[in-house]
Amino acid sequence: MDLSLSTRAVGDRTVVEVGGEIDVYTAPKLREQLVELVNDGKYHLVVDMEGVDFLDSTGLGVLVGGLKRVRAHEGSLRLVCNQERILKIFRITGLTKVFPIHTSVDDAVSATD
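Counted from 1, the sequence shown has number 45 at position 34 by our numbering; the numbering is strictly sequential.
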């Protein structure tokens with residue numbers, strides 16, 4: 012499976028819609044997108060993972076790296092996910108304490124966390 016990426020502005024946030032699988036083969040594409048957004052001055056990101064079918068440790072590493080990049084600029088990276096199989100990965104790894112995870116893009120955009 013491939014990875015699809017699209018971005019759009021919602022208020023002062025940039026939403027990155029991700030679809031497909033985030034794994035060792037496709038994660039570099041997501042990393043490049045996040046780096047490009049930060050380099051363009053987009054420091055408040057929402058990664059919409061509703062279309063993600065699979066996430067491995069490489070994908071988790073890319074998300075953590077993205078979080079570090081935006082935080083270096085006083086920014087934020089919020090996730091949107093309500094798929095149990097993906098949420099379980101964040102719970103097992105303890106990353107639910109690191110990432111604000113929301114059930115919808117609207118919730119993530121309006122949150123003050």
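We put the beta carbon where it would ideally sit given N, CA and C, even for glycine.
A quick note: this is a predicted structure, and the numbers were derived from the prediction, not measured.
Element boundaries [beta strand (DSSP E), containing residue i]
| i | result |
| --- | --- |
| residue 20 | 14 to 21 |
| residue 75 | That residue, residue 75, is in no beta strand (DSSP E); its alpha helix (DSSP H) goes 68 to 82. |
| residue 91 | 87 to 91 |
| residue 35 | Taken as a continuous stretch (DSSP letters only), residue 35 belongs to no beta strand (DSSP E), as it is neither H nor E. |
Cβ-Cβ distance between residue i and residue j below 9 Å
| i | j | result |
| --- | --- | --- |
| residue 21 | residue 49 | no |
| residue 91 | residue 116 | yes |
| residue 42 | residue 86 | no |
| residue 62 | residue 95 | no |
| residue 89 | residue 111 | yes |
Own chain, CB closer than 6 Å to residue i, minus 5 neighbours either side, in chain order
| i | result |
| --- | --- |
| residue 53 | 25 |
| residue 84 | 54 |
| residue 15 | 30, 31 |
| residue 80 | 49 |
| residue 93 | 114 |
Boundaries of the alpha helix (DSSP H) in which residue i is found, first to last residue
| i | result |
| --- | --- |
| residue 114 | No alpha helix (DSSP H) contains residue 114, which DSSP labels as neither H nor E. |
| residue 104 | 95 to 104 |
Candidates the options: closest to residue i by CA position
| i | options | result |
| --- | --- | --- |
| residue 64 | 75, 37, 30 | 30 |
| residue 18 | 97, 47, 82, 86 | 47 |
| residue 97 | 78, 59, 122, 23 | 59 |
| residue 103 | 71, 62, 61 | 71 |
| residue 9 | 13, 121, 123 | For residue 9 there is no data in the structure shown, the boundaries of the chain being 12 and 124. |
Cβ neighbours of residue i in the same chain (closer than 8 Å, five flanking residues each side left out)
| i | result |
| --- | --- |
| residue 69 | 33, 34, 35, 38 |
| residue 75 | 106, 109 |
| residue 122 | 89, 111, 113 |
Proximal residues to residue i (C-beta, below 7 Å), its chain only, five neighbours per side dropped
| i | result |
| --- | --- |
| residue 66 | 33, 97, 100 |
Environment of residue i [buried if 16+ CB atoms lie within 10 Å]
| i | result |
| --- | --- |
| residue 119 | buried |
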